[in-house]
């Protein structure tokens, strides 16, 4: 079952339907096409998958896209 996701990356709104188990790093690289984020160690320990999310460092190789969105909603200030 695919789920709709919508977010802003580098100032551009993106939306897709994705599998809930898809890692955020794979969404950014493969679905959105932004290859600056890397998969290094598959455990997020090396930091190659780190992105800035509203100024906070987030390791994208650890969280699936659903958990990443939930985490952001919980930890990031709402934009007005």
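In the numbering used here, the protein residues as written are 79 to 158.
Quick reminder that beta carbons are idealized off the backbone N, C-alpha and C, glycines included.
(1) Grab me the residues of residue 144's own chain with a C-beta within less than 6 Å of its C-beta, minus the 5 sequence neighbours each way, in chain order.
(2) In terms of DSSP beta bridges, what is residue 143 paired with?
(3) Does the beta-carbon of residue 106 have 16 or more other beta-carbons within 10 angstroms, so that it is buried, or is it exposed?
(4) Starting from residue 130, trace the beta strand (DSSP E) both ways and give me its first and last residue.
(5) Does chain C have any CB closer than 7 Å to the CB of residue 100?
Quick answer:
(1) Cβ neighbours of residue 144 beyond the five flanking positions: 98.
(2) BP columns for residue 143 are empty, so no partner.
(3) Flag for residue 106 reads buried.
(4) 128 to 131 is the span of the beta strand (DSSP E), which, as asked, contains residue 130.
(5) No chain C is part of this structure, which consists of one protein chain only.
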